[in-house]
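Accompanying notes for the structure given below.
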Amino acid sequence: MSTSALLARRIHELGLHLDYLNQLCAAEMARPSYLRQYKLLSFIYKERCVYEFALAELTNLLKQVEADTLV
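Plus 172 on top of the position in the sequence shown (first one is 1) and you've got the working numbering.
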């Protein structure tokens with residue numbers, strides 16, 4: 173499998189994780205326990221920041237790899 177394909181696959185997987193975290197966040201907001209919501213939402217926010225950063229870095233790396241293969 174090429175580097176571009178591996179990076180594209182990882183970017184897709186990270187996108188799925190972000191979607192899951194967003195769904196989890198929406199489901200938790202519907203619950204009445206504010207303390208549990210706060211703790212879980214704090215965790216989700218931190219995880220989303222990590223995934224969004226990784227997604228941006230991998231996307232940039234994929235662009236670089238694709239540009240290098242065109243040269």
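Heads up, the beta-carbon is just placed ideally off N, CA and C, and yes, glycines get one too.
Rounded separation between residue i and residue j - CA only
i, j, result
"ARG208", "LEU179", "36 Å"
"GLU224", "SER205", "27 Å"
Collapsed DSSP secondary structure at residue i in the structure displayed
i, result
"ARG208", "helix"
"SER214", "helix"
"SER138", "No answer is possible for residue 138: it lies beyond the span of the chain, which begins at 173 and ends at 243."
C-beta atoms of residue i and residue j nearer than 8 Å
i, j, result
"HIS238", "SER176", "For clarity, residue 238 is Glu in the given sequence; the question names His instead. Yes, the pair counts as a contact, with Cβ atoms nearer than the cut-off."
"GLU200", "LEU190", "no"
"THR241", "ILE183", "no"
"GLU219", "LEU193", "yes"
"ALA226", "LEU196", "no"
Contact set for residue i: own chain, Cβ-Cβ below 8 Å, skip 5 residues either direction
i, result
"LEU234", "SER176, LEU179, ALA180, ILE183"
Neighbour flag for residue i against chain D, beta carbons, 8 Å
i, result
"LEU227", "Structure shown: chain D not included; a single protein chain is present."
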